[in-house]
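Heads up: the sequence shown begins at 2 in the numbering used here, then just goes up one per residue.
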Amino acid sequence: MLIVITGAAGLVGTLVRPLLRRPGRVVRLTDIAPIESLGAGEEFRQASVTDLEAMTAAFTGADLVIHLGGHSAERPWEQILETNIQGGYVVLEAAHRAGVRRVLLGSSLHATGYVAARDAAATPVLQPRPDTYYGVGKVALEALGSVYADRHGMTVVSARICTVGETIGTGGRTLSTWVSPGDLARLMETVAELDQPGHHLIWAVSDNTRSWFSLEAGKAIGFHPLDDAENHVGPDTDVREDPAALLAGVFVDDTHPLGGTW
Ligand SMILES: NC(=O)c1ccc[n+]([C@@H]2O[C@H](COP(=O)([O-])OP(=O)(O)OC[C@H]3O[C@@H](n4cnc5c(N)ncnc54)[C@H](O)[C@@H]3O)[C@@H](O)[C@H]2O)c1
Numbered sequence: 002m003l004i005v006i007t008g009a010a011g012l013v014g015t016l017v018r019p020l021l022r023r024p025g026r027v028v029r030l031t032d033i034a035p036i037e038s039l040g041a042g043e044e045f046r047q048a049s050v051t052d053l054e055a056m057t058a059a060f061t062g063a064d065l066v067i068h069l070g071g072h073s074a075e076r077p078w079e080q081i082l083e084t085n086i087q088g089g090y091v092v093l094e095a096a097h098r099a100g101v102r103r104v105l106l107g108s109s110l111h112a113t114g115y116v117a118a119r120d121a122a123a124t125p126v127l128q129p130r131p132d133t134y135y136g137v138g139k140v141a142l143e144a145l146g147s148v149y150a151d152r153h154g155m156t157v158v159s160a161r162i163c164t165v166g167e168t169i170g171t172g173g174r175t176l177s178t179w180v181s182p183g184d185l186a187r188l189m190e191t192v193a194e195l196d197q198p199g200h201h202l203i204w205a206v207s208d209n210t211r212s213w214f215s216l217e218a219g220k221a222i223g224f225h226p227l228d229d230a231e232n233h234v235g236p237d238t239d240v241r242e243d244p245a246a247l248l249a250g251v252f253v254d255d256t257h258p259l260g261g262t263w
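This is the structure in structure tokens:
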């Protein structure tokens, strides 16, 4: 099996790489940033997600493409357009040209950040309500995934990733939004085996006791997260809950302007 990851040099890629190693599996890492040390079964190609020729070549023979590359926080509109939206188009078009049947797109809870946390779990799949241009880019990515799935019979999963971390950090909202590296890897393994052509929009979040999210859509494609932030609460963990919280969190406070660089 060949899995190709874009943006593999980043936080998510670095956390999941060791968990994806299997005998007989090749994991081809791509990023504009260099990756110096490779593990067993890993290859690296340095390229931008905006380079259609390079992406098509990198995806050739892949059973699954996992798209993580691009800006992972707010940027001026032109940068979101060029890297996240154009890059999303290029990745899907390259996957189609290379004959790839399965694509996992790294979306974000910021596609729907203006939803009140207390309302979110009532709906398995929330309508877009982006909090930033970054969030708009994720909505566009999901829409691109949908059209490529419907037009070309691909299996495309858009995963609205919540808060990734090796630990739950200081706690707070992370008790509701944490997704562990183990659960992210479980999602990737699920999609690697998935044969359900169409677009599937799900939450990438652990099975947290204080979760704000429905796991229903994920379970429908066989994604069953096993971790729970609650099991990592210690004496210094902030366990206060904010009844007025938005999914967006700090992304909409006064220090995080629309179109800023942060
Ligand atoms: N970390 C989280 O909590 C979180 C939450 C929600 C969604 N996500 C999404 O998951 C994905 C990975 O997140 P992350 O935390 O690893 O982000 P990150 O910023 O650590 O990594 C992103 C990677 O993309 C690469 N990149 C940037 N521009 C590129 C380009 N033009 N071509 C190729 N690669 C490029 C960067 O070099 C970097 O290695 C992103 O799409 C992000 O939006 C992450």
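Even glycine gets a Cβ: it sits at the ideal position worked out from N, Cα and C.
Since we're looking at a predicted model, the values are computed, not measured.
Sub-8 Å separation of residue i and residue j beta-carbons
i: Asp229; j: Ser215; result: no
i: Leu93; j: Thr113; result: no
i: Thr262; j: Arg76; result: yes
i: His68; j: Gly107; result: yes
i: Val240; j: Leu247; result: no
i: Ala205; j: Ile169; result: no
i: Ala218; j: Pro125; result: yes
i: Gly166; j: Trp179; result: yes
i: Thr238; j: Thr171; result: yes
i: Trp213; j: Ala123; result: no
i: Val66; j: Val140; result: no
i: Pro19; j: Gly40; result: yes
i: Thr210; j: Glu242; result: no
Option in the options with minimal Cα separation from residue i
i: Glu194; options: Asp52, Ala63, Val240; result: Ala63
i: Leu202; options: Trp213, Ala186, Thr210, Lys220; result: Lys220
i: Arg266; options: Gly89, Leu3, Gly88; result: Residue 266 falls outside the range modelled here, since the chain spans only 2 to 263, and no answer is possible.
i: Val91; options: Ala59, Glu242, Leu39, Val137; result: Ala59
i: Gly89; options: Gly71, Ala41, Glu54; result: Gly71
i: Arg22; options: Arg174, Thr7, Val137, Glu44; result: Glu44
i: Tyr149; options: Asn85, Arg46, Ala95, Ile222; result: Ala95
i: His225; options: Glu231, Asp184, Glu143, His97; result: Asp184
i: Ser177; options: Gly146, Ala117, Asp52, Ile222; result: Ala117
i: Thr175; options: Leu110, Ser147, Thr61, Gly223; result: Leu110
i: His97; options: Leu145, Val137, Ile36, Pro35; result: Leu145
Residue i: CB within 7 Å of a non-hydrogen atom of ligand 2
i: Ser38; result: Judged by which ligands are present, ligand 2 is missing from the structure shown, whose ligands are ligand 1.
In DSSP terms, what residue i is bridged to
i: Val157; result: Val104, His200
i: Asp239; result: Gly172
i: Phe326; result: The structure shown does not extend to residue 326, since the chain is modelled only from 2 through 263, so no value can be given for it.
i: Thr51; result: BP columns for Thr51 are empty, so no partner.
i: Ala117; result: Leu247
Between the region 179 to 188 and the region 131 to 141, are three or more C-beta pairs nearer than 8 Å?
At 8 Å Cβ cutoff, the stretches do not touch.
Does the region 96 to 104 come close enough to the region 142 to 161 that 3 or more CB-CB pairs lie under 8 Å?
Segments in contact, yes.
Give the list of continuous alpha helix (DSSP H) stretches no shorter than 4 residues that lie fully inside the region 172 to 214.
As far as the region 172 to 214 is concerned, its whole alpha helix (DSSP H) runs of at least 4 residues are 175 to 178, 182 to 194.
Write down every uninterrupted run of the alpha helix (DSSP H) in the region 57 to 103 whose length is 4 residues or greater and which is fully enclosed by it, in chain order.
Counting whole runs of 4 or more residues, the region 57 to 103 contains the alpha helix (DSSP H) stretches 87 to 98.
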